[in-house]
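Following: one structure in structure tokens, then a few remarks.
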Amino acid sequence: MLRSKWQRLLRSSEAAGIEAPRVKTPTRTMSDNAGTDLKVTGIDFLKSENCRQHHTDAYNIKNLVVRRGQPFQLQLSLSRELKAADKLSLRFGIGEKPMKIRGTLLSLKPRQDQDLGGWQISIVKNSGKECLLSVTSSPKAPVGKYTLNVKTGTNIYKPENNAIYLLFNPWCEDDVVFLADDAQRKEYVLNDTGIIYVGSAYNIYNRPWNFGQFEEFILDACMYLLDKSDLKLSNRRDPVFVSRAMSALVNANDDNGVLLGNWSGKYSNGTSPMDWIGSVSILQKYYKTKKPVSYGQCWVFAGVLTTVMRCLGIPSRCVSNFNSAHDTEENLRVDVYLNEFGEKLNWMSLDSVWNFHVWNDVWMRRADLPSGFDGWQAIDSTPQEQSQGVFQCGPCPLKAVREGDVYLPFDSKFVYAEVNADKVYWVVKKVNGKDKYIKISTETQGIGVNISTKAVGQDEREDITAQYKYPEGSEEERKSMQKASSFIRPSGMVPRARFASGLPMDNVVSKPGVLQETVSKTGLQLEITNKEALYPGNPLELGITVKTSTPGSWTINLAGSCQLQSYTGKIEANLGYVKEIVKLEGKSETQVPLKIEPDTYMKTLSSVEDEVFIRVTAIAEVQGIGDKLTKETTMSFEYPPITVQMPETAKLNEEFSCAFIFKNKLNMPLDNCKLRVEGLGIFKMSTFDQGDVKPGRIMKSEIICTPTRLGEKKIVAKLTSTQIKGISVEKGITITK
114 MLRSKWQRLL RSSEAAGIEA PRVKTPTRTM SDNAGTDLKV TGIDFLKSEN CRQHHTDAYN
174 IKNLVVRRGQ PFQLQLSLSR ELKAADKLSL RFGIGEKPMK IRGTLLSLKP RQDQDLGGWQ
234 ISIVKNSGKE CLLSVTSSPK APVGKYTLNV KTGTNIYKPE NNAIYLLFNP WCEDDVVFLA
294 DDAQRKEYVL NDTGIIYVGS AYNIYNRPWN FGQFEEFILD ACMYLLDKSD LKLSNRRDPV
354 FVSRAMSALV NANDDNGVLL GNWSGKYSNG TSPMDWIGSV SILQKYYKTK KPVSYGQCWV
414 FAGVLTTVMR CLGIPSRCVS NFNSAHDTEE NLRVDVYLNE FGEKLNWMSL DSVWNFHVWN
474 DVWMRRADLP SGFDGWQAID STPQEQSQGV FQCGPCPLKA VREGDVYLPF DSKFVYAEVN
534 ADKVYWVVKK VNGKDKYIKI STETQGIGVN ISTKAVGQDE REDITAQYKY PEGSEEERKS
594 MQKASSFIRP SGMVPRARFA SGLPMDNVVS KPGVLQETVS KTGLQLEITN KEALYPGNPL
654 ELGITVKTST PGSWTINLAG SCQLQSYTGK IEANLGYVKE IVKLEGKSET QVPLKIEPDT
714 YMKTLSSVED EVFIRVTAIA EVQGIGDKLT KETTMSFEYP PITVQMPETA KLNEEFSCAF
774 IFKNKLNMPL DNCKLRVEGL GIFKMSTFDQ GDVKPGRIMK SEIICTPTRL GEKKIVAKLT
834 STQIKGISVE KGITITK
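Counted from 1, the sequence shown has number 180 at position 67 by this note's numbering; the numbering is strictly sequential.
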């Protein structure tokens, strides 16, 4: 009888795919103490081996961290040898007061068939007082923090550090977040550093960011957020619900989540969004205080959400959309109002176009949708518009955006408009004491350009616009737009200024109907360029080039303006304008200079705590014909670089020196300079107060580093001052044994 029970136990091990060693059939002797109760005296979680196999060895935590749907092993120490007749069960509980009836307590016995929840346990080796068990969780198991105790007969053993963290598993084919490509898994799950792209559509630059998903307390912070989300346990199995809940919790708007958004330009009672260089200090502070951290803007929200997603095991990337439309009325149109000098009238518009907006893509299968919508899904934690009464956004399939299937959940209309809206320019003129709105032009291809993310395995920008939309003007793009428009209210052509909604129609000079690009009779073109590098403290030397390309004599009214604006499109200052009448013959061109002296803009540069961009707008109108054209460009100021001096390689646990050098090559002093540096696995974030740095002065800061982790590591530095809001640099180093 005893032999047949052992054979059944061995067969269950083989059924689990584990080779069981030969076990001698125990023979009964007087010294067996057969009547003694079996007790567990200890558990070895075999952390180093399990974590290596589960790709969780980088987490800085004492507990075992494993991924669902994949076996892990536990070594039990027993008071005596395990007999076939002994009752042994592992009990995994999740949440407060785990109970079997609620499905929050699993009791697993070594046997051939799976538990109802899809978990499985088997004996790998039973020798003396040691018993090696293999546990495989269900690939659909709720993600979270499980407590483990072992029941033998009536005895229950509760080990120290008995919490096991169970994560999503992109390495497991049966998990809905499965990602087949190993290089992509390394980038989108395991890479703890990265790049967020910012700037303007044709002047893109990178902002290094430390995601730091493996750092101390980050996993616990993510588990705290999961508990705070109040997701049902059944919904914690599903990355659709988890990613949507996290998009809500990374902003503080409804639920005292992680980050408080602030776009006011004043941050004296918190940290300026420009000052952060990674997610670690934000999430650590939040976990410690349980209060929102001040302050975030879109790239900070996206950086933190990437950290949370990768930490939980959901593949994620930061996505930067340039000329990003914020369409408040879901009608695929953004109205821009200009005065007759070409200056943007910010206060009139309900909508906005951001220079850039950063959100996230997460990877998953969508069992909740019709087939074909698996893969990348857009989510966004920047609080812009409410969704189902909460500031959250997504997950919205990229394929739904590309194909115009904007009836699909979640928030597909809003994401579609961000990358596809039309831009309508209006000039507001006073006629007989009343505002008259004159439509100048419509731009159908300016929104949602150069959509960017960091390339897999290299520090290069990858353009992913084609994943969000078909090529502008292509047949597929037109079909997609027609389909999307059938679900979105058509725009008509009445302006949507805050004060224009009650206007009589005779104040609007425009024809209602479908928006079309203006067909020019003169071949009128405008170009905006800078003649010199745009260094703060120097004059801004700009030029507006007017071109015609058809025969005839043309007289053109030109207006051009220069303004400072934040990345959200908010105008911070009017710097100057030109108004000229230009005469051109046939195919010809002329350039009208627009020069802005430093005194005009330096006060604004110093008083606003955000990074500001130079916005140049030009309006041209051909007399007698009515050809009208608008052109706008945003440019970034240019700065001297930070140089990092350190070796290319260093040894684990051995000191090396890292120096940061900056020379102020600008024609102005930089006040209140701060250098923030961080190297994950090398040193914690440090801040150097450098005071005021005069023109020509060289600033040098040094830090002694002791690397604690092997592999390719990165050091990130950011310099801020009253006048410049962020010069960033990153440098890689290889840590060897």
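The beta-carbon is built from N, C-alpha and C at its ideal position, and this holds for glycine as well.
All figures in this text were calculated on a predicted structure; none of them were measured in a lab.
Comparing alpha carbon positions, the residue from Gly241, Tyr450, Tyr259 closest to Lys552 is Tyr450. For Tyr581, the uninterrupted alpha helix (DSSP H) run begins and ends at 578 to 581, by DSSP. Separation of Leu788 and Thr835 (C-alpha to C-alpha, rounded to the nearest whole angstrom) is 13 Å. Exposure of Met212 is indicated by the presence of fewer than 16 other C-beta atoms within 10 angstroms of its C-beta.
Distance from the CA of Cys285 to the CA of Gly488, rounded to the nearest whole angstrom, comes to 15 Å. Taking C-beta atoms as the reference points, Leu671 and Ala731 count as a pair closer than 8 Å. C-alpha of Asp340 to C-alpha of Gln166: approximately 27 Å in a straight line. With respect to Pro283, Val302 sits close: the two C-beta atoms are nearer than 8 Å.
The region 347 to 376 contains, as complete alpha helix (DSSP H) runs of 4+ residues, the segments 352 to 362 (chain order).
With respect to Val532, Ile564 sits close: the two C-beta atoms are nearer than 8 Å. Per DSSP, reduced to three states, the secondary structure at Met477 is strand. Comparing alpha carbon positions, the residue from Thr661, Trp667, Ser674, Asp518 closest to Thr642 is Ser674. Asn766 sits away from Thr849, with the two beta carbons spaced by 8 Å or more. DSSP, read as helix, strand or coil, puts Leu482 in coil. Between the alpha carbons of Phe435 and Phe527 lies a distance of about 15 Å. Ranked by Cα distance from Asn382, the options Lys200, Tyr408, Ile811, Leu697 are led by Tyr408.
Spanning the alpha carbons of Lys238 and Thr249 requires a straight line of approximately 16 Å. Arg215 carries a helical assignment under DSSP once its states are collapsed to helix, strand and coil. A residue is called buried when at least 16 other Cβ atoms come within 10 angstroms of its Cβ; Glu573 does not meet this threshold and is exposed. Contact between Val355 and Leu425 holds: CB atoms are separated by about 7 Å, below the 8 Å threshold. Unbroken alpha helix (DSSP H) runs of no fewer than 4 residues, entirely contained in the region 267 to 325, are found at 295 to 298, following chain order. Under DSSP, Met748 takes part in a beta bridge, and its partners are Ile727. Straight through space, the alpha carbons of Lys716 and Ile840 are spaced by roughly 20 Å.
Under the 10 Å beta carbon count, Glu162 is surrounded by fewer than 16 other beta carbons and is classified as exposed. By DSSP's assignment, Thr658 forms a beta bridge with Glu640, Gln704.
Per DSSP, Pro711 is one residue of the alpha helix (DSSP H) stretching across 711 to 720. In terms of CA proximity to Asn777, Gly650 leads the group Gly650, Lys708, Ile684.
Spanning the alpha carbons of Met812 and Asn173 requires a straight line of approximately 34 Å. Note on Gly804: under 16 other CB atoms within 10 angstroms of its CB, so exposed under the neighbour-count rule.
Around the Cβ of Asp157, a 10 Å sphere holds fewer than 16 other Cβ atoms; the residue is exposed. In the three-state scheme derived from DSSP, where H, G and I count as helix and E and B as strand, Asp340 is classed as helix. Boundaries around Glu589 are those of the alpha helix (DSSP H), 588 to 600, since no beta strand (DSSP E) includes it. In the structure shown, Trp389 falls within a coil segment according to DSSP collapsed to helix, strand and coil.
With fewer than 16 neighbouring CB atoms inside 10 Å of its own CB, Tyr318 falls in the exposed class. Our two residues, Phe414 and Cys164, have alpha carbons roughly 29 Å apart in a direct line. Below 8 Å, enough C-beta pairs join the region 700 to 708 and the region 653 to 660 to call them touching: three or more.
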